[in-house]
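Written out below as structure tokens is the structure these notes cover.
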Amino acid sequence: MLKNRFAVAAITVAALTLIPAAGAAASGCDPLDTRSCILPFPSNFNTVAQKGSDTGLRLNFSASQFPKNNKGKSGFAPELNRNDGFSPGSALLTYVPGIDMAASGAVPITDIAQYSKANAPIVVIDAKTGQRQAIWAELDTHADAISEAKGQLLMIHPAKNFIEGHTYIVALRNLKTSAGKTIAAGPAFASLRNGKPTGAVKARRAGYEKIFKTLTKAKIARASLYLAWDFTIASERNLSERALSMRNRSFAALGDSNLADGKVAGKAPVYTIDKTEDYTVGQSARIARQVTGHVTVPCFLTKGCATGGTMSYAKSKKGKFDSIPNQQGTMQALFICRIPRAAMTTPARPSHYGHGLLGSPDEIDAGNVDDMASEHNMMFCATPEIGMADEDVPNAIALLGDMSKFSSMADRLQQGLLNELILGRLMLNPAGFAAADAFKGASPSQSVIDTSALYYDSNSQGAILGGALTALSPDFKRAVLGVAGMNYSLLLPRSTDFDTYELIFKPAYTSRLDRILLLSAIQNLWDRGETNGYAQHVTTKPLPGTPKHNVLLHVALGDHQVAQVSAEVEARTIGLSGRRPAYDAGRSFDTTPLWNIAPLSSGNAGGSGLVIWDSGPCRIGSVFATCLENDAFDKLGGVGNPIAPTGSLAPRFGRDPHSRPRSTPDARQQKSEFLKPDGKITEVCPVGSACHSVGWAY
Numbered sequence: 001m002l003k004n005r006f007a008v009a010a011i012t013v014a015a016l017t018l019i020p021a022a023g024a025a026a027s028g029c030d031p032l033d034t035r036s037c038i039l040p041f042p043s044n045f046n047t048v049a050q051k052g053s054d055t056g057l058r059l060n061f062s063a064s065q066f067p068k069n070n071k072g073k074s075g076f077a078p079e080l081n082r083n084d085g086f087s088p089g090s091a092l093l094t095y096v097p098g099i100d101m102a103a104s105g106a107v108p109i110t111d112i113a114q115y116s117k118a119n120a121p122i123v124v125i126d127a128k129t130g131q132r133q134a135i136w137a138e139l140d141t142h143a144d145a146i147s148e149a150k151g152q153l154l155m156i157h158p159a160k161n162f163i164e165g166h167t168y169i170v171a172l173r174n175l176k177t178s179a180g181k182t183i184a185a186g187p188a189f190a191s192l193r194n195g196k197p198t199g200a201v202k203a204r205r206a207g208y209e210k211i212f213k214t215l216t217k218a219k220i221a222r223a224s225l226y227l228a229w230d231f232t233i234a235s236e237r238n239l240s241e242r243a244l245s246m247r248n249r250s251f252a253a254l255g256d257s258n259l260a261d262g263k264v265a266g267k268a269p270v271y272t273i274d275k276t277e278d279y280t281v282g283q284s285a286r287i288a289r290q291v292t293g294h295v296t297v298p299c300f301l302t303k304g305c306a307t308g309g310t311m312s313y314a315k316s317k318k319g320k321f322d323s324i325p326n327q328q329g330t331m332q333a334l335f336i337c338r339i340p341r342a343a344m345t346t347p348a349r350p351s352h353y354g355h356g357l358l359g360s361p362d363e364i365d366a367g368n369v370d371d372m373a374s375e376h377n378m379m380f381c382a383t384p385e386i387g388m389a390d391e392d393v394p395n396a397i398a399l400l401g402d403m404s405k406f407s408s409m410a411d412r413l414q415q416g417l418l419n420e421l422i423l424g425r426l427m428l429n430p431a432g433f434a435a436a437d438a439f440k441g442a443s444p445s446q447s448v449i450d451t452s453a454l455y456y457d458s459n460s461q462g463a464i465l466g467g468a469l470t471a472l473s474p475d476f477k478r479a480v481l482g483v484a485g486m487n488y489s490l491l492l493p494r495s496t497d498f499d500t501y502e503l504i505f506k507p508a509y510t511s512r513l514d515r516i517l518l519l520s521a522i523q524n525l526w527d528r529g530e531t532n533g534y535a536q537h538v539t540t541k542p543l544p545g546t547p548k549h550n551v552l553l554h555v556a557l558g559d560h561q562v563a564q565v566s567a568e569v570e571a572r573t574i575g576l577s578g579r580r581p582a583y584d585a586g587r588s589f590d591t592t593p594l595w596n597i598a599p600l601s602s603g604n605a606g607g608s609g610l611v612i613w614d615s616g617p618c619r620i621g622s623v624f625a626t627c628l629e630n631d632a633f634d635k636l637g638g639v640g641n642p643i644a645p646t647g648s649l650a651p652r653f654g655r656d657p658h659s660r661p662r663s664t665p666d667a668r669q670q671k672s673e674f675l676k677p678d679g680k681i682t683e684v685c686p687v688g689s690a691c692h693s694v695g696w697a698y
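In this text, residue positions in the sequence shown follow UniProt numbering: the first is 1, and each later residue adds one.
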């Protein structure tokens, strides 16, 4: 992810649904965890029954419950209450005074298989099936959390996303201090557990009796509980209906109403070409031409789809709980396409390219992209990933200081996904780019584009958003997501890029605990613009009116910017197989590397998969060296990096491997073989060895 643009700007600015909590008022604090008003989070305490929603609920927060910024304004984003449940990737948060994770025997990130132990102290159960959810648990180990009084939240993460529309129960039991003393339950929960609730929790007794009954069936003794609560995950429809409605109406206007059939129908989108640049071999040995222009896209935001615009919604029909965005005219989306020299005589495979963090489509001229285009005859086209493009930096700065505005980013991300879908149709439709003079080759009758198939190949932010685009795309069936991850609330605190966000975020919300809570809350909106909200539909369980897809994830071991653990959660959720061996000896802390990710083999190589690329241990020249912090190590010419920390921290030592997989010829070869109509995940690394990025010899 690219961060320089943001840094400069920031510095300048200096089905069993358990009973909803009876009497849960939008202004009330949950007495079960008095550390912060919305703890424990997420919780059905903060829901209310909602007719017409697919879960039977909706969120029910108010401004008075949320942390305030340094100007006294609540961080509550009102759009949250349109959700019919919580994020599928929700971290489960609560404060447990004096807890020691090792003494308690909590499941660590390094050995997720422990989640299923009969005596596990932290358990999450699907209330409908009774099955345990794979998790890991940790305390916030950031220095700000440690130094803050009562600042270390207990964070329970799903190792695979929670299932849409399902209700889960969290059970904490037999928790210990470092001295081995059992931590006593708080008075409010103890009264519920003991069957004698009074005061504010008395009305919740019936709901909790259902919770205790489910836990008893799961052999979790009621008397052992420190705390328990339930929460419901948002439904598939609630997460996806906005983007699907925008997509379906936009493609229907082109004359294509059957998007699941994989066939292009109707007319091409309207576009203009603003500039065509032909390069001499001296200017570029790899790229023959760059074409810049704009494509007309239906706009579903206020402000003419400019940064800061938000959605407005059609009035719901009686008995319906939906959010169907109103179209508000059209917008002009910039595009840049780069045509490799080989395409002038042999039509190139067309592919999307998504840019880095708060970046721009200008990044399409990066050396590794030109290498991929030239080596494998691919034409890449890019458009700003609006919502998180360079033009959105002022809005990003504003919302980091006032999180109540977050819907403006989430809404615009969905418009950005639509812009990419329309650009894709323009690349694929024979009446689109392929018919234009700017896209003709050596012969005036020869297009430089092979319109038989479209692909997606992007890195970093382009991969984080690209999983969502893949789940929505009717036009490409195969996608490479490079240095990918999902769930910004998980990956950002583990990213060096978060340092840049904190330049604004930390002065506005001085408590680390508040910042983690707010990130977790806004993930419920962010889901609709990134992979986390669509992960269960990226590959074999497509969204309505959408074909199936195959995906190849490339991951950089110890990535400083996109947390490796978030990619592994993604791989489990979307059903990927993983290449083995994933790691060389000593290059993983995990008891079982790639736990619960099936091995990739010749039998499933035609499907979807995960490949980890290792830049090797720290070294200067050919000599192994101590891993210094990134900037100091770079100045010494160091290469390689250590394994990522196991806590909620960003990797900071060695050279950041974030850009290495895409710069590796073997990785590009593997991508090229995958990005074909009958593509497969080919073996490009020595058998018995982990895959090495360029510069780390086998």
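Yeah, the Cβ is synthetic: ideal placement off N, Cα and C, and Gly gets one too.
Simplified DSSP state of residue i, which is helix, strand or coil
{"i": "Tyr208", "result": "helix"}
{"i": "Ala25", "result": "Model confidence at Ala25 stands at a pLDDT of 49, short of 50, so the residue's coordinates are unreliable and nothing is read from them."}
{"i": "Asn377", "result": "coil"}
{"i": "Tyr456", "result": "strand"}
{"i": "Ile163", "result": "coil"}
{"i": "Ile183", "result": "coil"}
{"i": "Ile233", "result": "strand"}
{"i": "Ala252", "result": "helix"}
{"i": "Met311", "result": "coil"}
{"i": "Tyr501", "result": "helix"}
{"i": "Thr330", "result": "strand"}
{"i": "Thr177", "result": "coil"}
{"i": "Thr198", "result": "coil"}
{"i": "Phe86", "result": "strand"}
{"i": "Leu239", "result": "helix"}
Rounded separation between residue i and residue j - CA only
{"i": "Ala442", "j": "Thr626", "result": "54 Å"}
{"i": "Asp261", "j": "Asp450", "result": "20 Å"}
{"i": "Ser43", "j": "Glu420", "result": "35 Å"}
{"i": "residue 704", "j": "His142", "result": "This structure leaves residue 704 out entirely; the chain is present only between 1 and 698."}
{"i": "Tyr509", "j": "Lys671", "result": "42 Å"}
{"i": "Ala22", "j": "Ala463", "result": "Low confidence applies here, because Ala22 scores a pLDDT of 45, under 50, leaving its location unreliable; read the following figure in that light. For Ala22 and Ala463, the distance between alpha carbons rounds to 42 Å."}
{"i": "Ala373", "j": "Pro340", "result": "6 Å"}
{"i": "Pro686", "j": "Asp666", "result": "11 Å"}
{"i": "Leu175", "j": "Thr182", "result": "6 Å"}
{"i": "Asn377", "j": "Leu454", "result": "13 Å"}
{"i": "Val694", "j": "Arg660", "result": "7 Å"}
{"i": "Met246", "j": "Thr531", "result": "17 Å"}
{"i": "Ala25", "j": "Ser191", "result": "Confidence at Ala25 is low in this model, with a pLDDT of 49, below 50, so the placement of that residue is unreliable and no value is reported for it."}
{"i": "Asp584", "j": "Ser312", "result": "52 Å"}
{"i": "Ala118", "j": "Trp229", "result": "20 Å"}
{"i": "Asp497", "j": "Asp514", "result": "19 Å"}
{"i": "Leu39", "j": "Lys71", "result": "23 Å"}
{"i": "Glu375", "j": "Asn550", "result": "23 Å"}
{"i": "Pro158", "j": "Gly621", "result": "40 Å"}
Residue range of the beta strand (DSSP E) that includes residue i
{"i": "Pro350", "result": "349-352"}
{"i": "Trp613", "result": "609-614"}
{"i": "Pro158", "result": "154-158"}
{"i": "Lys477", "result": "476-482"}
{"i": "Thr470", "result": "Unbroken run through Thr470 is the alpha helix (DSSP H), 466-472; no beta strand (DSSP E)."}
{"i": "Ala149", "result": "Careful: Ala149 lies outside any beta strand (DSSP E) and carries neither H nor E."}
{"i": "Asp126", "result": "122-126"}
Endpoints, the alpha helix (DSSP H) within which residue i is located
{"i": "Asp666", "result": "665-674"}
{"i": "Ala103", "result": "101-104"}
{"i": "Leu358", "result": "No alpha helix (DSSP H) holds Leu358; DSSP gives it neither H nor E."}
{"i": "Leu491", "result": "488-491"}
{"i": "Ala49", "result": "From DSSP, Ala49 is part of no alpha helix (DSSP H) but of the beta strand (DSSP E) over 47-49."}
Should the region 489-506 be regarded as contacting the region 538-551, the criterion being three or more beta carbon pairs within less than 8 Å?
-> no
Tell me, please, whether the region 355-374 touches the region 406-422 by the rule of three or more beta-carbon pairs shorter than 8 Å.
-> no
Enumerate, from N- to C-terminal direction, the unbroken beta strand (DSSP E) stretches of 3 or more residues contained entirely within the region 364-445.
-> 378-382
Taking three-plus beta-carbon pairs below 8 Å as touching, is the region 283-303 in contact with the region 63-72?
-> no
In chain order, which continuous runs of the alpha helix (DSSP H) of length 4 or greater are located wholly inside the region 277-324?
-> none
If you scan the region 513-576 from start to end, which runs of the beta strand (DSSP E) of 3 or more residues do you find wholly inside it?
-> 550-556
Decide yes or no for the touch test of the region 593-602 against the region 576-584: beta carbon pairs closer than 8 Å, at least 3 of them.
-> yes
Quick check: the region 216-227 against the region 382-393, are there 3 or more CB pairs under 8 Å?
-> no
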